[in-house]
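Q: My structure is below; once you've seen it, I'll send some questions.
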Amino acid sequence: MKSTIKILLSLLTVILLSQCEKDDPIPVVTIPDNNFLSALIDEGVDANGDGIISAEEAEAITFLDVSGESIADMTGIKAFVNLEALDCSSNQIISLDVSNNTALTELHCGSNQLTSLDVFNNTALEWLNLGGNQLTSLDVSNNTALWWLWLRDNQLTSLDVSNNKALNLLVLDDNQLTSLDVSNNAALLDLILNNNQLTSLGVSNNTALEWLEINDNQLTNLDVSNNTALRGLDLQSNQLANLDISNNTALAFMILSDMPSINEVCVWEMPFPPQGVVVEMTNSPNLYFTTDCTGD
Numbered sequence: 053m054k055s056t057i058k059i060l061l062s063l064l065t066v067i068l069l070s071q072c073e074k075d076d077p078i079p080v081v082t083i084p085d086n087n088f089l090s091a092l093i094d095e096g097v098d099a100n101g102d103g104i105i106s107a108e109e110a111e112a113i114t115f116l117d118v119s120g121e122s123i124a125d126m127t128g129i130k131a132f133v134n135l136e137a138l139d140c141s142s143n144q145i146i147s148l149d150v151s152n153n154t155a156l157t158e159l160h161c162g163s164n165q166l167t168s169l170d171v172f173n174n175t176a177l178e179w180l181n182l183g184g185n186q187l188t189s190l191d192v193s194n195n196t197a198l199w200w201l202w203l204r205d206n207q208l209t210s211l212d213v214s215n216n217k218a219l220n221l222l223v224l225d226d227n228q229l230t231s232l233d234v235s236n237n238a239a240l241l242d243l244i245l246n247n248n249q250l251t252s253l254g255v256s257n258n259t260a261l262e263w264l265e266i267n268d269n270q271l272t273n274l275d276v277s278n279n280t281a282l283r284g285l286d287l288q289s290n291q292l293a294n295l296d297i298s299n300n301t302a303l304a305f306m307i308l309s310d311m312p313s314i315n316e317v318c319v320w321e322m323p324f325p326p327q328g329v330v331v332e333m334t335n336s337p338n339l340y341f342t343t344d345c346t347g348d
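In structure tokens:
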């Protein structure tokens, strides 16, 4: 009899434990935007095909491309804690919280409607593309691993990149910058600053620089004597009176158009340009090249 009772108690315990396991709900990620949910399902995130995204399914994802899916709300992205690369470009996103996505090395969220973004927790970021938004400010001081930063077509009036010493590429054209300090960014190879409001720019410390675009600004002078690796230089529509490129013998392409104020351009040889060097100087009627440099 005692043996029978023990067996029955054991069976009851097993049944109760099994029932508890069945009653224990699987954590589900809240995703209010149906377009976001559909994109996740299309990307194969819904591994069991039940039409919802569980926390376990979200945690299994390291790469996610939901670009061009008419998404307005990215609520739920915080559950993707192991995400290393996220592309949410070309949507209608007005806010994005990636504070929980600390494994991110790539974030592409261009062509949206972001007015701000907090990337302070995303210290592993190497690529950041936020072009074509409405950002008025951005703090990248904690993102010291960044080497690719694309912020064109925003509303930035300033940007501090003094901590971003690994930067190779910095794109800031079509903003509202009045100044920019890149003296700490010695690794820069490409610097694109077209269509801002810059009156001066110091690039003497950027000796690795190969491509520099600063057209449609308000520069009155520019010293590129230390930038001997320069291959491309675009200064169209500025207010320089003279320019010394005598040290820039690697130059292959240069734009000096729409600069009625410019006169003397000091070069490394005459006649100029030599074979293999392309120079555009339309609507710069006073421009002349010389090796007899006065700097006046």
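Count along the sequence shown starting at 1, add 52, and that's the number in my numbering. The beta carbon of each residue, even a glycine, is placed where N, CA and C say it ideally should be. Note that this is a predicted model, so its numbers are computed, not measured.
1) Comparing the CB of Ser336 with every heavy atom of the ligand SAH, is any distance shorter than 7 Å?
2) Can the beta-carbon of Leu203 be found closer than 8 Å to that of Val171?
3) Tell me whether the beta-carbon of Asn227 lies closer than 8 Å to the beta-carbon of Asn206.
4) Does the region 257-277 touch the region 233-241, meaning 3 or more C-beta pairs lie closer than 8 Å?
5) Assuming the contact rule is C-beta atoms closer than 8 Å, Ile266 and Asn290 should be a hit. Round their C-beta distance to whole Å, please.
6) Let me know if Gly101 comes out buried or exposed under the rule of 16 or more other beta-carbons within 10 Å of its beta-carbon.
7) Which residues does DSSP list as the beta-bridge partners of Glu136?
8) Helix, strand or coil: how does DSSP classify Ser106 here?
9) Please say whether Leu187 and Thr167 have beta carbons closer to each other than 8 Å?
10) Do Thr272 and Thr251 have their beta-carbon atoms positioned less than 8 Å apart in this structure?
11) Would you report the Cα separation of Ile145 and Leu287, rounded to the nearest angstrom?
12) Return the bridge partner residues of Met311 from the DSSP annotation.
13) DSSP three-state label for Glu111, please.
14) Can you pull the DSSP bridge partners for Ile244?
15) Who are the near neighbours of Leu221 in its chain, counting only those whose CB is closer than 6 Å to its CB and skipping five residues on each side?
16) Roughly how many angstroms separate the alpha carbons of Leu148 and Ala155, rounded to a whole number?
17) Can you list, in chain order, the residues of its chain whose CB lies under 7 Å from that of Met333, leaving out five sequence neighbours each side?
18) Residues bridged to Glu158 by DSSP?
A: From the atom records:
1) Within the structure as shown, the ligand SAH is missing, as the structure has no ligands at all.
2) no
3) yes
4) yes
5) 7 Å
6) exposed
7) None; Glu136 has no bridge partner.
8) strand
9) yes
10) yes
11) 35 Å
12) DSSP, once it has assigned bridges, lists no residue as partnering Met311.
13) helix
14) Val223 and Glu265
15) Trp200 and Asp242
16) 16 Å
17) Leu308, Ser309 and Leu339
18) Ala137 and Trp179
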